[in-house]
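A.B. asks:
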Amino acid sequence: MGRHFEVRAAAMAKSGARKSALYARASREIYMAAKSGLPDPKNNLALRSAIDKFKGQSIPRDVIDRAIKKAVGGDVETYTAGRYEAFGPGNSFLIIDSLTDNANRAFVEIRTAVTKKGGHMGTVNYNFTETGILVFNFDSKDLVEETLVLGDVDVRAITSEEGVIEVLVEPSSFGQAKDLLNSLGIEDFKVAEIQMLANETITLGDEDKALFQELVDALDELQDVQNVFHNVDL
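Per the numbering used here, the sequence shown starts with residue 3, numbered consecutively.
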């Protein structure tokens, strides 16, 4: 299996700061998704995708429900999405997404985390491709493939390993693919989101790898950071 995705829940649980940051990013993203349309995930793809994403990272149901209730209750919170690009240890590449109520603070904190580990800000997005990713448990890869093909989904790849299936699709086909998988009874996703996938990955030496992991951990502790994508095999 390609393991193009990265399940962050285990790493997040290692420190209180990362757990707090995870809860904050879940609350913000779900709140914004609920405000963007109807507060019912059945009729709001963005909200449904956000809920599935964070359920896959072991976010408690009450955190999800509070964020939706906040949106329904008329609370006004304004968050701005940002994207930052950087070179990390060993000439690694990172794309860092933020969702923040203070863009200047987000940029300074992200830049500080990067430079402390020997990196610098710079353009790297040409090394990545935006891709819809769906990962779930299911017995039949053939049935999944047949369903998506007949549904005219633009599939990039389907892989299966030990009962876990990973589907990569064009971003424009993400919602359609998810609905078709739901029709097969697939409701629980390990990963269900659109990510920036590295076109090629690299293997770092021990010293650079340790520095890189420290950088990713530091970014995960920032509440303004929503996603971190990179090209390193960890």
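Glycine included, every Cβ here is placed at the ideal spot set by N, Cα and C.
Please name the residue in Glu87, Asn104, Val74, Asn93 whose C-alpha comes closest to that of Ala81.
C.D. replies: What you label residue 81 is simply residue 79 of the sequence shown in a count that begins at 1. The sequence given here has Tyr at residue 81, not Ala. Cα-wise, what sits closest to Tyr81 is Asn104.
A.B. asks: Which of the three DSSP states, helix, strand or coil, is assigned to Thr149?
C.D. replies: Taking the first residue of the sequence shown as 1, we reach residue 149 at position 147. Thr149: helix per DSSP, three-state reduction.
A.B. asks: Provide the residue(s) that pair with Met34 in DSSP beta bridges, ordered along the chain.
C.D. replies: For the purposes of this step, residue 34 is taken as the residue at position 32 of the sequence shown. Paired residues: none, contrary to the question.
A.B. asks: So the alpha helix (DSSP H) Thr1 belongs to, where does it begin and stop?
C.D. replies: Residue 1 lies beyond the range of the chain shown here (3 to 236); nothing can be said about it.
A.B. asks: Helix, strand or coil: how does DSSP classify Tyr81 here?
C.D. replies: Stepping through the sequence shown from its first residue, residue 81 is reached at position 79. It is coil, neither helix nor strand.
A.B. asks: Just the Cα atoms here: how many angstroms apart are Asp77 and Lys71?
C.D. replies: Mapped onto the sequence shown, residue 77 falls at position 75. Mapped onto the sequence shown, residue 71 falls at position 69. Distance between the alpha carbons of Asp77 and Lys71 is about 9 Å.
A.B. asks: Can you tell me which of Thr114, Ile135, Gly165 puts its alpha carbon nearest to the alpha carbon of Leu145?
C.D. replies: Reading the sequence shown from its first residue, position 143 is the one you call residue 145. For the residues Thr114, Ile135, Gly165, the minimum Cα distance to Leu145 belongs to Gly165.
A.B. asks: Can you have a look at Lys37 and say buried or exposed, based on whether 16 or more other CB atoms are within 10 angstroms of its CB?
C.D. replies: The residue given as residue 37 occupies position 35 in the sequence shown. Burial call: buried.
A.B. asks: Would you report the Cα separation of Ala26 and Glu148, rounded to the nearest angstrom?
C.D. replies: On the sequence shown, position 24 is the one that residue 26 refers to. On the sequence shown, position 146 is the one that residue 148 refers to. C-alpha separation (whole angstroms): 39 Å.
A.B. asks: Quick check on Leu186: does DSSP put it in helix, strand or coil?
C.D. replies: The residue you call residue 186 lines up with position 184 of the sequence shown. Here Leu186 sits in coil by DSSP.
A.B. asks: Spell out a yes or no on whether the segment 152-169 and the segment 130-142 are touching, meaning 3 or more CB-CB pairs, one atom from each, closer than 8 Å.
C.D. replies: The segment 152-169 vs the segment 130-142: in contact.
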